[in-house]
Structures are given as structure tokens and as C-alpha cells.
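Numbering (this note's numbering), first residue to last: 6 to 169. A virtual CB, placed ideally from N, CA and C, is assigned to each residue, including glycine. Right, one structure below, let's go through it.
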């Protein structure tokens, strides 16, 4: 599955698309609507640890809850791209991003931050194959448009395997 952007009446909308192979070649089938796409530019290139006044990553990662750290990362990306919380309803606890009651997606860092990708991150579960789980976890961050610092990724991934 991947995301496809369609332009309708000059506005861009994101959809989830799945490929299926037929005799005549590849066919695409729309699996779901993501929402209107907004493409904010990077406005504040601030370090994750400086933004949250974190001196040492270890205590933060060990004491922090998995969902709280994911929410901190999403909040940090929202701040970096200057996305207004007055204009958009951004409820990270329930993984909802809306504008005037309608779904939206932010196209940032080669990914789409939307309700679906945030939910995928918050509900991510390891399946037991460490290499495959690491790849899937990294892909979930890329799909959500979150550039996670390496030490935070390693700490979060370690938390996943401690829960097994």
C-alpha cells in the first residue's frame, strides 16, 4: 500500500492505494481516503532534545511512555513546520488531525502526517523478527513524516522489545 495524491479542482487530496497485478499489468485500487493535503515548509530547524530541554536522552527514553514519546516527536515536527494549532485540530492522544471537521494530511519529510499514520505508529506492535520489525518501525516513521533522531529510535525500538 502507498499514498496517492489526486488534484481535484486545484486542491490536492491523499488516498491509500493498493497495487494488484493482472494479466494486462498493474492495476491500482483506492482503499481509503486520507484527506486534503497541506504542504508546510520547514520553518524552525530546532533540535528535538533542545526543544524539550532534555540534557540526556537515556533517562527521558527510560522514564517516558511509548505513546508520550511518539506524541512528543509528532509535536516537534508540527512545531518545526510552523503548523498552526489554531487552524487545525491536532489531537495527538487520539491520533486525529482535522480542519473544520474534515480529515487532513500534512505532506512533510517525504511522508504524510495524518490520522492513519499516527495511529499506525501509536499502535505498532513487534512481531518477534527483530530485523523485519525494525524495518517496519522505521517505515512507519517515514510514512508519518517524522524525522526521528537515531538515539530516540533505538530507545523506542528497545521499549517495543521489552514489552514482548
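Q) Is residue 153 helix, strand or coil by DSSP? A) coil
Q) Which whole-angstrom value is the C-beta distance of residue 36 and residue 17, which I expect to be below 8 Å? A) Actually they are not in contact, since the Cβ atoms of residue 36 and residue 17 sit about 18 Å apart, beyond 8 Å.
Q | Per-residue DSSP class, three states only, for residue 47 | A | coil
Q. Heavy atom of the ligand SAH less than 7 Å from the Cβ of residue 136, yes or no?
A. As far as ligands go, the structure on display features none, and thus does not contain the ligand SAH.
Q: Compute the distance between the beta-carbons of residue 41 and residue 107, then report whether it is under 8 Å.
A: yes
Q) Do residue 43 and residue 147 have their C-beta atoms closer together than 8 Å? A) no
Q. Can you list, in chain order, the residues of its chain whose CB lies under 8 Å from that of residue 145, leaving out five sequence neighbours each side?
A. 122, 125, 126, 129
Q. What residues match up with residue 30 in a beta bridge as DSSP calls it?
A. 27
Q | DSSP-derived helix/strand/coil call for residue 93 | A | coil
Q.
Excluding the 5 residues flanking residue 100 on each side, which residues of the same chain have their C-beta closer than 7 Å to its C-beta?
A. 120, 123, 124, 127
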